[in-house]
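In our numbering, the protein residues as written are 22 to 159.
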């Protein structure tokens, strides 16, 4: 199954013009997925199903991977399966219609700190406390 990974990374670089960072991340995600498949006895990528992909994504979550990592992995696998379909290796894309996990957006601490500093405590103590609560909860 690893034979297509090199072709896929070349496709991502040369045809899709993705950044080196993106290509390396996608390559790592696909390589880890293939290792997972090998470990579960799957030897042919064309025999994978939505259940296979979902099982892998659940495995990543159980391993403690962040939802942003799981979401990026799904994007990587979508791209890889699309490439494999275009090259006639697989007949369908088992990642289609799968939803990525919700990724929480956090306010960076430096922005919260800047907002707290900007508030004049003598004028609006309540507003200052509203900004302090998220800091204390982390």
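No residue lacks a Cβ here, since even glycine has one placed at the ideal position from N, Cα and C.
Need the endpoints of the alpha helix (DSSP H) that residue i sits in, please.
i	result
residue 32	Note, residue 32: premise wrong, no alpha helix (DSSP H); not H, not E.
residue 23	Unbroken run through residue 23: none, as it is neither H nor E.
residue 65	Careful: residue 65 lies outside any alpha helix (DSSP H) and carries neither H nor E.
residue 55	41-60
Whose CA, out of the options, lies closest to the CA of residue i?
i	options	result
residue 71	128, 118, 138	118
residue 6	40, 39, 81	Outside the shown range of the chain, which is 22 to 159, sits residue 6, and nothing can be said about it.
residue 31	74, 101, 89	101
residue 74	53, 131, 115	115
residue 48	34, 60, 107	34
residue 25	55, 43, 59, 69	55
Taking the beta carbon of residue i as the centre, do at least 16 other beta carbons fall within 10 Å, making it buried, or is it exposed?
i	result
residue 66	buried
residue 23	exposed
residue 41	exposed
residue 147	exposed
residue 69	buried
residue 78	buried
Contact check, residue i vs residue j under 8 Å by CB: the rounded distance?
i	j	result
residue 97	residue 63	About 17 Å; that fails the 8 Å criterion.
residue 95	residue 121	5 Å
Complete runs of the alpha helix (DSSP H) confined to the region 91-127 [at least 4 residues]: Taking only runs of at least 4 residues, no alpha helix (DSSP H) segment lies wholly in the region 91-127.
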